[in-house]
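In the working numbering, the protein residues as written are 318 to 451.
All C-beta atoms in this analysis are idealised placements derived from N, C-alpha and C, irrespective of residue type, glycine included.
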Amino acid sequence: MKNIFFTLSFILFALAVNAGNKQINEVFGPYSMSHNLPIPEGYARVVITSTPQFTGGSITLLNQDTGERIALHGSVTYINIWFYFIPSGRYVVESIADSYSAVVNGYGMVSVGSTVKFYESGHIGFTLIDKTEE
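Rendered as structure tokens:
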């Protein structure tokens with residue numbers, strides 16, 4: 318009985334200690350560009366431009382520091398540009414939506430396995446690949 322009480326007390330203590338720790342793994346957004354929000358500490362503001370056809374696009378990134386995966390999406394609405402807040406850091410591109418290409422931070426097209434960095438700000442643009450020409 319003492320062991321069970323001790324174990325439960327330890328678990329409760331560990332949860333209480335960790336409750337005050339701020340976790341910087343959460344993604345916030347998307348937000349319209351008309352929102353002038355301050356950048357949270359430890360985050361980057363990443364602007365997403367969608368295709369002119371408003372067909373969306375998406376990219377999955379793996380944070381090299383935390384191991385967390387995030388997915389960012391282009392718009393399929395009347396808004397062709399918006400932004401997310403993501404944890405600052407280095408990311409590896411894990412996937413890009415089929416039939417799309419992505420440009421990150423103006424450095425040209427990225428592919429699965431590419432490493433990208435987001436510190437305070439960044440940009441991802443999606444382009445629909447025309448497969449009728451293949």
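Spatial distance of residue i from residue j (CA atoms)
| i | j | result |
| --- | --- | --- |
| F510 | F345 | Outside the shown range of the chain, which is 318 to 451, sits residue 510, and nothing can be said about it. |
| A414 | F371 | 14 Å |
| N380 | G406 | 7 Å |
| D382 | Y436 | 13 Å |
| K434 | I376 | 14 Å |
Close Cβ partners of residue i (< 8 Å) along its chain, the five nearest in sequence each way excluded
| i | result |
| --- | --- |
| I398 | M350, V364, I365, T366, S367, S392 |
| E411 | T377, L378, L379, R386, V429 |
| S418 | M426, F443, T444, I446 |
| P369 | N397 |
Bridge partners - residue i, DSSP secondary structure assignment
| i | result |
| --- | --- |
| H390 | S375 |
| G406 | F435 |
Residue environment, residue i, which counts as buried when at least 16 other CB atoms sit within 10 Å
| i | result |
| --- | --- |
| V429 | exposed |
| G442 | buried |
| G384 | exposed |
| G359 | exposed |
| A361 | buried |
Proximal residues to residue i (C-beta, below 6 Å), its chain only, five neighbours per side dropped
| i | result |
| --- | --- |
| V420 | M426, G442 |
| G439 | A361, V363, N422 |
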